[in-house]
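Be aware that the sequence shown starts at 4, since it is given in this note's numbering, and climbs by one per residue.
C-beta: ideal position from N, C-alpha, C; glycine also.
A short write-up of the structure that comes next.
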Amino acid sequence: MLHKIQTIWQDLMQNKSDPRVANYFLMSSPFPTIIICLTYVYLVKVLLPKFMENRKPFKIQKTLIVYNFAQALFSLCLWIEACQIAWFRHYSWRCQAVDYSRNEFAMRMVVGSYLYYLSKFSEFFDTFFFIMRKRNDQVSTLHVIHHGIMPFSVWWGVKFMPGGHSSFFAFLNTFIHTIMYTYYMLAAMGPKMQKYLWWKKYLTMFQMAQFVAIFVHAFQLFFHNPCNYPIVFAYWIGGHGVLFLILFMNFYKQAYMKKDKKIKAVDLNGNSENISIEGKKIK
C-alpha cells in the first residue's frame, strides 16, 4: 500500500506537473513550502509574541512606508503583466486552458505565476511588523489563516497550472493588493494622512467582492467547460474564494457593523457619557 502511494506521488510530481517549473526554487516538492508555512504560524502565534512580551514596541515607521510601497509596486507590476500577456489580451473570461508551450507569452505567464507565489512569503512581514509594534490585536485568526495557507495553496497552481483559468485568482488579487498596500503605506505616514483614509471600510468590501468574483469565475466550469480545464482546480480555487469570503464577512461584521451600532448609540443619546459594549467603553 505504501509503495503504491509512493509510486502515485512520484508520477504526480514528475510526470503530471509542468516541466517548465521543475528547477525553480521550492518547486520540486510541496513539503518545503508546508514547513515554511508552519514555521510562520509558530513564529507569529508563539515565538515572536513571547519575544516581545517584555519589550517596548519597535518604532519602524520608515520601514513600514518602504515595505508597503514596495509591496504595492510589486503587486501593480504583476497585475499589469497579467493584463498585457493574458487577461486583457487573448484570455477567455469563460474558460481558458493553460498554454504549456515555451513561447514568449506562455513563459511570461509562468514567471509571473512563480513571482506571485514568492510574494506570498514576503507578505509574512505584515504579521511580523504587527507583532514588533505590539499590535497583536491585528494578528487575528483571519489574518493568520489567510497568510499561512496562501503559499501552500498557490504552490499547486504554479506546479501544475501556471496560467490559464485559475490565474484569474492572482490577476484579481494583485489588483486588490495594489490598493491595499497603498492604503497601508498612507496609514504608516502618521496622523496627518488620516483624513485621506476614510475608505478603509470600502477596502474590506473590495476584498469581499474579490472573493465572490473568484468563486463565481471558478465554479462556472461546473456548468460549461469547453476548454476541458481540470475541474479539481475549480474546486480548489473556488473553495478558497468561499472560505475567505466567510472569514472576511465575519471580520467586517466585527470591525464595522458593531462599530456603527456603537456610534449610533452615542448619537441617539445625544450626550458624551461612556457606553459599555462587550466590556469596552467608547465616548
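message: One question on the structure: do Asn-71 and Tyr-187 come within less than 8 Å of each other, judged by their Cβ atoms?
response: If you number the sequence shown from 1, residue 71 lands on position 68. If you number the sequence shown from 1, residue 187 lands on position 184. Yes. Within cutoff.
- prompt: Exposed or buried, which one is Ile-38 when buried takes at least 16 other CB atoms within 10 Å?
  reply: Indexing the sequence shown from 1 puts residue 38 at position 35. Label assigned to Ile-38: exposed.
- prompt: In terms of alpha-carbon separation, which member of Ile-134, Lys-123, Met-153 lies closest to Glu-56?
  reply: Counting from 1 along the sequence shown, the entry for residue 56 is found at position 53. Measuring from the Cα of Glu-56, the nearest candidate turns out to be Ile-134.
field: Backbone CA spacing between Trp-96 and His-220 [nearest angstrom]
entry: Mapped onto the sequence shown, residue 96 falls at position 93. Mapped onto the sequence shown, residue 220 falls at position 217. Distance between the alpha carbons of Trp-96 and His-220 is about 8 Å.
field: His-93 classed as buried or exposed, judged by whether at least 16 other C-beta atoms fall within 10 angstroms
entry: Start at 1 with the first residue of the sequence shown, and residue 93 comes out as number 90. It counts as exposed.
- request: Along the alpha helix (DSSP H) that carries Ile-83, what are the first and last residues, could you check?
  value: Residue 83 sits at position 80 when you count from the first residue of the sequence shown. Unbroken alpha helix (DSSP H) run through Ile-83: 64-85.
- prompt: Going by alpha carbons, who is nearest to Val-114 out of Ala-85, Ser-125, Val-142, Ala-75?
  reply: Here residue 114 refers to the residue found at position 111 of the sequence shown. Nearest option by C-alpha distance: Ala-85.
Given Asp-102 as reference, the closest of Leu-189, Ser-169, Tyr-45 once Cα atoms are compared: For the purposes of this step, residue 102 is taken as residue 99 along the sequence shown, with counting starting at 1. For Asp-102, the nearest C-alpha among the options comes from Ser-169.
Cβ-based burial, Val-235 [other Cβ within 10 Å; buried from 16]: Against the sequence shown, residue 235 aligns to sequence position 232. The residue is exposed, with fewer than 16 neighbouring Cβ atoms inside 10 Å.
- request: Hey, could you find the ends of the alpha helix (DSSP H) Asp-129 is sitting in?
  value: What you label residue 129 is simply residue 126 of the sequence shown in a count that begins at 1. Counting along the chain, the alpha helix (DSSP H) containing Asp-129 begins and ends at 127-135.
message: For Thr-181, count the other beta carbons within 10 Å of its own beta carbon; 16 or more makes it buried, fewer makes it exposed. Which is it?
response: Position 178 of the sequence shown, counted from the first residue, corresponds to residue 181. The residue in question, Thr-181, is buried, as its Cβ has 16 or more Cβ neighbours within 10 Å.
field: Inter-residue spacing [alpha-carbon to alpha-carbon] between Phe-131 and Lys-123
entry: Residue 131 sits at position 128 when you count from the first residue of the sequence shown. Residue 123 sits at position 120 when you count from the first residue of the sequence shown. In a straight line, the C-alpha of Phe-131 is about 14 Å away from that of Lys-123.
message: Three Cβ pairs or more, each shorter than 8 Å: is that satisfied between the region 207-222 and the region 244-255?
response: yes
At least 3 beta-carbon pairs within less than 8 Å: the region 155-172 vs the region 58-73: no
task: Report the rounded CA-to-CA distance for Trp-202 versus Gly-160, giving the unit in angstroms.
output: In the sequence shown, counting from the first residue as 1, residue 202 sits at position 199. In the sequence shown, counting from the first residue as 1, residue 160 sits at position 157. Those two C-alpha atoms are separated by around 33 Å.
task: May I ask which residues mark the beginning and end of the alpha helix (DSSP H) holding Cys-40?
output: Your numbering for residue 40 matches position 37 in the sequence shown. First-last of the alpha helix (DSSP H) with Cys-40: 34-45.
query: In terms of residue numbering, what span does the alpha helix (DSSP H) encompassing Asp-14 cover?
result: As a first step, residue 14 must be located in the sequence shown, where it is residue number 11. Here the alpha helix (DSSP H) through Asp-14 covers 5-17.
field: Residues near Phe-127 in its chain [Cβ-Cβ closer than 7 Å; skip 5 each side]
entry: Numbered from 1 along the sequence shown, position 124 holds the residue referred to as residue 127. Cβ neighbours of Phe-127 beyond the five flanking positions: Tyr-43, His-150.
task: Tell me where the alpha helix (DSSP H) around Leu-250 begins and ends.
output: As a position in the sequence shown, residue 250 is number 247, starting the count at 1. That run of the alpha helix (DSSP H) goes 234-255.
field: Cβ contact (3+ pairs, closer than 8 Å) linking the region 217-231 and the region 241-250
entry: yes
task: Identify whether His-150 lies in helix, strand or coil by the three-state DSSP scheme.
output: Within the sequence shown, the letter at position 147 stands for residue 150. Correct three-state label for His-150: helix.
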